[in-house]
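To start, the structure under review is shown below, and the notes come after it.
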Amino acid sequence: MQTEAIKRVPIEATGRLRALMREYFLGLDAAARDPDRRVAWCTSVGPCEILVALGFDVYFPENHGAMLGAKRLSHELIPRAVGAGYCPESCSYMNSDIGSALTGRSPLREAYGIDGPPTPNLLVYNTNQCRETQDWFSFFGRRHESPVMGICPPGYLGAVEPAQVAYVRGQLVRLIGQIESRFGLKMDPARLEEAVSLSSRASTLWREVLETARTRPAPITFWDGLIHMAPVILMRGSQAPIDYYRALLAEMEDRVRSGVGAVRDEQWRIYWEGMPVWPKVRELSEKFFDLRAVVAASTYCNSWAFRPYEGGDPLEWMAATSTEIFINRDEAFKQAFLVEMFERFSIDGVIFHNARTCPNNTNCRFGMAQRLRDKQGMPVLVIDGDLSDVRFFSTAQTMTNVEAFIEQLEGRR
Ligand code: SF4
């Protein structure tokens, strides 16, 4: 078997991404040490634009949770969180992040030479993805004696009604007031609009990057997306992700023009539904590569492809995007969204990841896989695993199941 280095066409923008990430984390570390700067922690689809506009440096703990999983540290750290009273089947991002804090072990030390995540002056959650974010941030609020604030949009929505958006907008206004009064700040509306506008442009470019995978052969896969999505999560509200995604998009468009595929001799187009399996991303991507199967689209990478901001009330845009994200919708909306994605990306089969510790972002627990099979005729594979905790994932069994699934697709053709 050839090595991955020989098989793959590397994405040139990756070098630039590494430099950007380094700058981001060193900037956060410097902010946490500077008494004149403030650090806010924010959930991945939380109201970061408000924090940026109020002058905070913003850090996203879920990224650290993913790093702990990708570096295969989670299963060693989770027991420490369990010892502190957290259930072993609660979110493994949360548990490994708590375990990391309790042990002082962080991959940020090796990667960037910093001790770990920046100490927060403020923690701001949004329960649009799950209630775990609130409990996760509360742990660190107690630990650092820092205020924890947040918003709780209505969940499991079909259509999103204007009244629901208005309700969430009201929560955002209240949140701004709480932060202003706690830190003696005053929101500059022009600065908020600028942050929202920058955020939206980054998100739109990210969507355009993902959309290049509609082409055959797809120039980028889900596995690449897991790496390259970092700026749209961590740096929203700034110019940096815009510049980065312009370069990445140009590279992907160049690949499309030249017919360069991310997977050699692409034969099968797969949709990944649910969380990644961070500790096994490399093995899984190699397996799919060897099977000539491109994972052309995913719900996960699409989670930060928001509707564009086209002027008007920035808080309304924030309220709408917070409320209408996929994870916050009902089963019927999700199924319709998936069917549209399958058509859009010419999908041959879908893989559902049943992530043990994230029921919130697992969508095969209420019959959806069966319905897609029966009503859409879509071949479906459900794999059991977890986002970070390898104890819930069998590599051998999963690889066998993936191989059998691709054989099934071959049989259908
Ligand atoms: S959505 Fe899932 S992985 Fe993300 S914080 Fe919530 S429980 Fe954890």
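Numbering-wise, the sequence shown is residues 305 to 717 according to my numbering. Glycine is no exception: its CB is placed at the ideal position from the N, C-alpha and C atoms.
C-alpha gap between residue i and residue j, whole angstroms
| i | j | result |
| --- | --- | --- |
| S650 | R677 | 16 Å |
| G319 | W582 | 21 Å |
| C391 | A415 | 29 Å |
| C605 | T661 | 19 Å |
| M645 | I480 | 36 Å |
| N665 | R505 | 26 Å |
| M556 | Q543 | 20 Å |
| G616 | L381 | 45 Å |
| L691 | G389 | 21 Å |
| D333 | I418 | 7 Å |
| A708 | S562 | 32 Å |
| F329 | L372 | 15 Å |
| D340 | S503 | 25 Å |
| G408 | S396 | 17 Å |
| N430 | G715 | 45 Å |
| L509 | L553 | 7 Å |
| G578 | L489 | 39 Å |
| F656 | T702 | 12 Å |
| R695 | P411 | 20 Å |
| V386 | S602 | 31 Å |
| T452 | W440 | For the record, residue 452 in the displayed sequence is Val; it is not Thr. Taking the straight line joining both Cα atoms gives about 10 Å. |
| E366 | D558 | 32 Å |
Coarse secondary structure for residue i, derived from DSSP in three states
| i | result |
| --- | --- |
| N425 | coil |
| E711 | helix |
| G462 | coil |
| C346 | strand |
| R573 | strand |
| G689 | strand |
| V386 | helix |
| D558 | helix |
| D419 | coil |
| V564 | coil |
| E308 | Because the pLDDT of E308 is 48, which lies under 50, any placement of that residue in the model is unreliable, and the number read from its coordinates should be weighed accordingly. Correct three-state label for E308: helix. |
| Y363 | strand |
For residue i, the residue or residues it bridges with in DSSP
| i | result |
| --- | --- |
| G481 | Answer is none; G481 lacks a bridge partner. |
| M453 | V428 |
| S602 | W576 |
| G653 | I574 |
| V249 | Lying before the first or after the last residue shown, residue 249 is absent from the chain, which here runs from 305 to 717. |
Whole-angstrom C-beta distance between residue j and residue i, which should lie under 8 Å
| i | j | result |
| --- | --- | --- |
| A600 | A522 | 5 Å |
| N667 | G459 | About 14 Å separates the two Cβ atoms, so there is no contact after all. |
| A357 | D492 | 7 Å |
| I483 | L426 | 7 Å |
| D528 | A566 | 6 Å |
| S400 | L377 | 7 Å |
ask   = What residues come near the ligand SF4, if near means a beta carbon less than 5 Å from any of its heavy atoms?
value = C395, Y397, Q433, C434, E436, C662, N664, N665
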